[in-house]
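Undergrad: I have a structure here, written as structure tokens, and I will follow up with some questions on it.
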Amino acid sequence: MDFLSKNLPYLLAGISVGGQYALIAIGYTMVYGILRLINFAHGDIFMVAGLVMVYSTTILPLYISIPLTIIVTVILGMSIEKIAYKPLRNSPRMSVMISAIGVSYLLQNLALYITGGLAQVYPTIPFISSPITIGPATTKVVTILTPFLMIVLVIALMQLINHTKIGMAMRSVSTDFETSRLMGINVNNVISMTFIIGSFLAAIGSLLYFSNYPSVIPTSGAMPGLKAFVAAVFGGIGSIPGAVIGAMLIGIVENLIKGVGWTTFSDAFTFVLLILVLLFKPTGLFGEAATDKV
Amino acid sequence: MSDKNKNVASTGNTVGKVTSAGGPGFGNKREEGLSGKVLLKVDGLKVSYGGIEAVRGISFDVPEGEIVTLIGANGAGKSSTLRAIVGLEKAAGGTITFNGAELTSMGTEQIVKNGITLVPEGRRVFVNLSVYENLRMGAYLRKDDLSADLEWVYSLFPRLKERHWQAAGTLSGGEQQMLAIARALMSRPQMIMMDEPSLGLAPIIVQEVFDIIREINRQGMTILLVEQNANMALKAADKGYVMETGRITLNGTGMELAENDEVKEAYLGKSHK
Chain A
0 MDFLSKNLPY LLAGISVGGQ YALIAIGYTM VYGILRLINF AHGDIFMVAG
50 LVMVYSTTIL PLYISIPLTI IVTVILGMSI EKIAYKPLRN SPRMSVMISA
100 IGVSYLLQNL ALYITGGLAQ VYPTIPFISS PITIGPATTK VVTILTPFLM
150 IVLVIALMQL INHTKIGMAM RSVSTDFETS RLMGINVNNV ISMTFIIGSF
200 LAAIGSLLYF SNYPSVIPTS GAMPGLKAFV AAVFGGIGSI PGAVIGAMLI
250 GIVENLIKGV GWTTFSDAFT FVLLILVLLF KPTGLFGEAA TDKV
Chain B
0 MSDKNKNVAS TGNTVGKVTS AGGPGFGNKR EEGLSGKVLL KVDGLKVSYG
50 GIEAVRGISF DVPEGEIVTL IGANGAGKSS TLRAIVGLEK AAGGTITFNG
100 AELTSMGTEQ IVKNGITLVP EGRRVFVNLS VYENLRMGAY LRKDDLSADL
150 EWVYSLFPRL KERHWQAAGT LSGGEQQMLA IARALMSRPQ MIMMDEPSLG
200 LAPIIVQEVF DIIREINRQG MTILLVEQNA NMALKAADKG YVMETGRITL
250 NGTGMELAEN DEVKEAYLGK SHK
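In order, the protein sequence lines correspond to chains A and B.
Okay, so the first sequence: first residue is 0 according to numbering that gives the first Met the number 0, each after it adds one.
Okay, so the second sequence: first residue is 0 according to numbering that gives the first Met the number 0, each after it adds one.
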């Protein structure tokens, strides 16, 4: 009982952060599934969503700035694909990856320029920022809300992918671009759709994540982005359930490590995990077997 | 079943001697009269890859309701021709006219919308999708009811119906080829192009594939067939073109070509009697 009451806050925080990582990780894993590209700019898209929220709430009421943040983030994700990745569609994969790294730095430096390097105070969203007491733990509503919202979104996404025509097209495109084109599928639209979904989820993740933190800085997206990326690799990149499970695990373990007083090592855990996965099971928990397409 | 089928349905330009047993024989054509209308007209088509011309200005016609075949050795430019027609490669020159529409400036999606479909070389079914989903993908551009056409392709390929919910990746090579053809039919094309449908299949399956090709043609489908298995292709075809290093060197009816000495020597094996 004593153990539980001591660790419950950390466990709750872990589940919540895990849910937020999951929302980011899905963006990584879906883009990889279709383009075989690690979208290194994804974490920064998440950060930009935070800044858009900061700036839009200074002049607009919340009920406008929240949807606006989501829309701007989606447009940003889509535009990045059109501008930085699409022209490189037939280039070696390495070129696209370098382009992604370039976009990542571009976004960080733009944010630095716009914010002047000052931490921007994240607005308080009523209700989800209000405190709530669960047994011995006091936390914010957002902590409890995150895992549920994440699960609802993931179920909706799985329905879309497994039971709709566009979902079928996404699965087709992920196996074979050319044959998909022969079916009359507009591959570029399907790719755009993937970026729309990924950015949408990153925007939601950003709203939840930053509600737990006081401020946004230009590098705010880097660490959650990296961790979500590790989660996607751990779960088996390309697999959505894998990304969710990986993210939850990383979120929870990280916070439990903080709970026992080893806060310094909580980030290290994530990256040691990455090394171990790459060494012993590079395809991750649910990754596709490394067979070549016939 | 045939006993002395000695078939080399594989790579290389030495096509073995094939004695097909059963199945419709030579020149077994549709009963109804052919319209004679040219559906696809290729004129001076050139395709190049990084400066190397794979197709060097070829011209041929595909009349409505017929089976036309392009035969030739590996690297003759047959596949490139099909890929250019369906817009997967950009034509470097010449025109492709289908039903009066000029295709060379269109994207693949539009060309498919215009009623052409390609059964790609190597089948390329979507291995992670079920048989049923593959068929749905074939009908991707259609917004009408698919049930009648599903029934139709399942009647052509009963084995696909048995494997309705199975992932396409679990099918055998022959079944995957059937699925690839069925998937193409689901788009309700006016013309179906097939790239090496017999490649890598057992002789008995090759025979089945050709029976199906004849059957769908008998039901009115125009077919442009590319094959290295020249014997089978020429037997099935109304008209044939022989391609060599990017040029058409010979043409004639399927039967004429099958009996042509040069063709016999080059593609049907010297010992052909």
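Ideal Cβ positions, reconstructed from N, Cα and C, are used throughout, including at glycine.
1) Between A/Leu159 and A/Ile165, what straight-line distance do the alpha-carbon atoms span, to the nearest angstrom?
2) Please tell me whether A/Pro217 and A/Thr114 are closer than 9 Å, where the distance is taken between their beta carbons.
3) Are the C-beta atoms of B/Met136 and some chain A residue less than 9 Å apart?
4) Within 10 angstroms of its Cβ, does B/Arg123 collect 16 or more other Cβ (buried), or is it exposed?
5) If the cut is a Cβ gap below 9 Å, which residues of chain B does A/Met169 touch?
6) Identify the contact partners of A/Asn185 in chain B, using a Cβ-Cβ distance below 7 Å as the criterion.
7) Our contact map puts A/Ser13 next to A/Gly250 with C-beta atoms below 8 Å; I'd like the distance itself, whole angstroms only.
8) Short check: CB of B/Phe59 to CB of B/Asn250, under 9 Å?
9) Going by alpha carbons, who is nearest to A/Gly101 out of A/Leu278, A/Met77, A/Asp43, A/Pro122?
10) Check this for me: beta carbons of B/Val67 and B/Leu223, under 9 Å apart or not?
11) Quick one: residues in its chain with C-beta nearer than 7 Å to the C-beta of B/Asn133, no 5 flanking neighbours on either side, listed in chain order?
12) Would a C-beta distance cut-off of 9 Å place A/Asn161 and A/Val16 closer than the cut-off?
13) Can you pull the DSSP bridge partners for B/Thr248?
14) Per DSSP, what are the beta-bridge partners of A/Gln119 in this structure?
15) Roughly how many angstroms separate the alpha carbons of A/Ile274 and A/Met157, rounded to a whole number?
16) Alpha carbon to alpha carbon, how far is A/Leu277 from A/Asn108? Give it in angstroms, no decimals.
17) If we count the other Cβ atoms within 10 Å of its Cβ and call it buried at 16 or more, is B/Glu264 buried or exposed?
18) Hey, B/Gly344 and B/Gly56: beta-carbon distance below 9 Å or not?
19) What residue does the beta strand (DSSP E) around B/Val124 start on, and which one ends it?
20) Under 8 Å between beta-carbons, which chain B residues line up against A/Asp175? List them in chain order, please.
21) What runs of the beta strand (DSSP E), each 3 residues or longer, lie entirely inside the region 216-262 of chain B?
22) Entirely within the region 104-166 of chain A and at least 4 residues each: give me those alpha helix (DSSP H) ranges in chain order.
23) Shortest alpha-carbon distance to B/Gly49 belongs to which of B/Thr96, B/Ala90, B/Leu39, B/Ala72?
24) Using beta carbons (cut-off 9 Å, strictly below), is B/Leu305 in contact with chain A?
25) DSSP on B/Phe97, reduced to helix/strand/coil?
26) In its own chain, which residues sit with a C-beta less than 6 Å from the C-beta of B/Val152, not counting the 5 before and 5 after it?
27) Between the beta-carbon of A/Val331 and the beta-carbon of A/Gly245, is there less than 9 Å?
28) Going along chain B, which residues have a C-beta under 9 Å from A/Arg180?
29) Locate the alpha helix (DSSP H) running through A/Ile37, then write down its first and last residues.
30) Go through its chain and collect everything with a Cβ distance to B/Met192's Cβ below 6 Å, but skip five positions before and after it.
31) What would DSSP say about A/Lys294, mapped onto helix, strand or coil?
32) Is A/Ser238 helix, strand or coil by DSSP?
33) Can you name the residues of chain A whose CB is closer than 7 Å to the CB of B/Pro281?
34) Taking only three categories from DSSP, how would you classify B/Ser171?
35) So, helix, strand or coil for B/Phe156, using DSSP?
36) Considering A/Asp43, what are the terminal residues of the alpha helix (DSSP H) in which it resides?
TA: Result, derived from the coordinates:
1) By 1-based counting over the first sequence, the position of residue 159 of chain A is 160. By 1-based counting over the first sequence, the position of residue 165 of chain A is 166. Approximately 8 Å between the Cα atoms of the pair.
2) Your numbering for residue 217 of chain A matches position 218 in the first sequence. Your numbering for residue 114 of chain A matches position 115 in the first sequence. In this structure, A/Pro217 sits near A/Thr114, with a CB-CB distance shorter than 9 Å.
3) On the second sequence, position 137 is the one that residue 136 of chain B refers to. Yes, because at least one Cβ of chain A sits closer than 9 Å to the Cβ of B/Met136.
4) Position 124 of the second sequence, counting from 1, holds the residue named residue 123 of chain B. So B/Arg123 ends up on the buried side.
5) Mapped onto the first sequence, residue 169 of chain A falls at position 170. Going along chain B, no residue has its Cβ under 9 Å from A/Met169, so there is no contact; the nearest lies around 11 Å.
6) Here residue 185 of chain A corresponds to residue number 186 of the first sequence, with the count starting at 1. Near A/Asn185 (Cβ distances below 7 Å), the residues of chain B are Glu108.
7) The residue labelled residue 13 of chain A in the question sits at position 14 within the first sequence. The residue labelled residue 250 of chain A in the question sits at position 251 within the first sequence. Reading off the sequence shown, one finds Gly at residue 13 of chain A, where the question assumed Ser. Contact check for A/Gly13 and A/Gly250: beta-carbon distance about 5 Å, within the 8 Å limit, so the pair qualifies.
8) For the purposes of this step, residue 59 of chain B is taken as residue 60 along the second sequence, with counting starting at 1. For the purposes of this step, residue 250 of chain B is taken as residue 251 along the second sequence, with counting starting at 1. Yes, Cβ-Cβ distance for B/Phe59 and B/Asn250 is below 9 Å.
9) Within the first sequence, residue 101 of chain A is the residue found at index 102, counting from 1. Here the closest residue by C-alpha is A/Asp43.
10) Residue numbering aside, residue 67 of chain B sits at position 68 when the second sequence is read from its first letter. Residue numbering aside, residue 223 of chain B sits at position 224 when the second sequence is read from its first letter. Contact flag set, yes.
11) Translated into positions along the second sequence, residue 133 of chain B becomes position 134. These residues qualify, in order along the chain: Val124, Phe125, Ala167, Leu178, Arg182.
12) In the first sequence, counting from the first residue as 1, residue 161 of chain A sits at position 162. In the first sequence, counting from the first residue as 1, residue 16 of chain A sits at position 17. No, the Cβ-Cβ distance between A/Asn161 and A/Val16 is not below 9 Å.
13) As a first step, residue 248 of chain B is located in the second sequence; it is residue number 249 there, counting from the start. Its beta-bridge partners do not exist; DSSP assigns none.
14) Reading the first sequence from its first residue, position 120 is the one you call residue 119 of chain A. A/Gln119 pairs with A/Val215.
15) Here residue 274 of chain A refers to the residue found at position 275 of the first sequence. Here residue 157 of chain A refers to the residue found at position 158 of the first sequence. So the two alpha carbons sit approximately 29 Å from each other.
16) Stepping through the first sequence from its first residue, residue 108 of chain A is reached at position 109. Stepping through the first sequence from its first residue, residue 277 of chain A is reached at position 278. In a straight line, the C-alpha of A/Asn108 is about 31 Å away from that of A/Leu277.
17) Sequence index remark: in the second sequence, residue 264 of chain B carries index 265 (1-based). By the 10 Å Cβ count, B/Glu264 comes out exposed.
18) The displayed coordinates of chain B run from 0 to 272. Any statement about residue 344 of chain B would go beyond what the structure contains.
19) One-based indexing of the second sequence puts residue 124 of chain B at position 125. Per DSSP, B/Val124 belongs to no beta strand (DSSP E) and is neither H nor E.
20) Taking the first residue of the first sequence as 1, we reach residue 175 of chain A at position 176. The contacting residues are Arg123, Phe125.
21) Counting whole runs of 3 or more residues, the region 216-262 of chain B contains the beta strand (DSSP E) stretches 221-226, 238-243, 246-252.
22) With a minimum length of 4 residues, the continuous alpha helix (DSSP H) runs that stay inside the region 104-166 of chain A are 140-162.
23) On the second sequence, position 50 is the one that residue 49 of chain B refers to. Cα-wise, what sits closest to B/Gly49 is B/Ala90.
24) The structure shown does not extend to residue 305 of chain B, since chain B is modelled only from 0 through 272, so no value can be given for it.
25) Within the second sequence, residue 97 of chain B is the residue found at index 98, counting from 1. Correct three-state label for B/Phe97: strand.
26) In the second sequence, counting from the first residue as 1, residue 152 of chain B sits at position 153. Only Ala181, Leu184 meet the Cβ criterion.
27) This structure does not reach residue 331 of chain A, given that chain A is present from 0 up to 293, and the question cannot be answered.
28) Translated into positions along the first sequence, residue 180 of chain A becomes position 181. Per Cβ cutoff of 9 Å: Val85, Gly86, Leu87, Gly106, Thr107, Glu108, Val111.
29) Taking the first residue of the first sequence as 1, we reach residue 37 of chain A at position 38. Unbroken run through A/Ile37: none, as it is neither H nor E.
30) Along the second sequence, read from residue 1 onward, the residue named residue 192 of chain B stands at position 193. Taken in chain order, the residues that qualify are Leu81, Leu117, Leu223.
31) This structure gives no information on residue 294 of chain A, because the portion of chain A shown stretches from 0 to 293.
32) Taking the first sequence and counting its residues from 1, the one referred to as residue 238 of chain A is at position 239. When DSSP states are grouped into helix, strand and coil, A/Ser238 belongs to the coil group.
33) In the structure as shown, chain B begins at 0 and stops at 272. Residue 281 of chain B is therefore absent and cannot be evaluated.
34) Here residue 171 of chain B refers to the residue found at position 172 when the second sequence is read from its first residue. In this structure, B/Ser171 counts as coil in the three-state DSSP scheme.
35) Counting from one through the second sequence, the residue named residue 156 of chain B turns up at place 157. Coil, per DSSP.
36) Locating residue 43 of chain A in the first sequence gives position 44, where the first residue counts as 1. Counting along the chain, the alpha helix (DSSP H) containing A/Asp43 begins and ends at 41-58.
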